[in-house]
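Counting with our numbering, you get residues 964 to 1049 for the letters of the sequence shown.
Cβ atoms here follow ideal geometry from the backbone N, Cα and C, with glycine treated the same way.
Please read all numbers here as calculations on a predicted model, not as lab measurements.
Let me begin by presenting the structure, written as structure tokens, before commenting on it.
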Amino acid sequence: MTEIREVLDNVIFHYHFYGHTGEPFKQETDFNGITQSIKVKELEFNESGILEKGCMIILTKENGELSIEIVDQKMTNKMTKFNWKL
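See the structure below:
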């Protein structure tokens, strides 16, 4: 989006999260050279009934420092479409 691009080019952000594009999880440095741009995978089950890599993340702020952790598939694979409780 033009509006997001303008903000990322003019304001310093550590992270930019986006989704709903149908693309897989992706993490890369933005064109501005500062921001980590992270495409979070949609929380959808694949054909095998499991969640894809990068559908859950944990963002932590400790002593003013931000860190990001991608939830390991050992955890998300326990939540399948066959045992998910609504």
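Take Ile997, set aside five residues on each side of it, and the residues of its chain with a beta-carbon closer than 7 Å to its own are Ile975, in chain order. A Cβ-Cβ separation of about 5 Å places Gly1012 in contact with Thr1043 under the 8 Å criterion. Val1034 and Leu1014 have their C-alpha atoms spaced approximately 11 Å apart. Distance check between Ser1000 and each of Asn1040, Gln990, Phe1008 and Leu1006 places Gln990 closest, using alpha-carbon atoms only. Less than 8 Å divides the Cβ of Leu971 from the Cβ of Asp993.
By the C-beta density criterion, Lys1004 is buried, having at least 16 other C-beta atoms within 10 angstroms. Bounds of the beta strand (DSSP E) holding Thr1023 are Ile1020 to Glu1025. In the displayed model, Lys1002 falls within a strand according to three-state DSSP.
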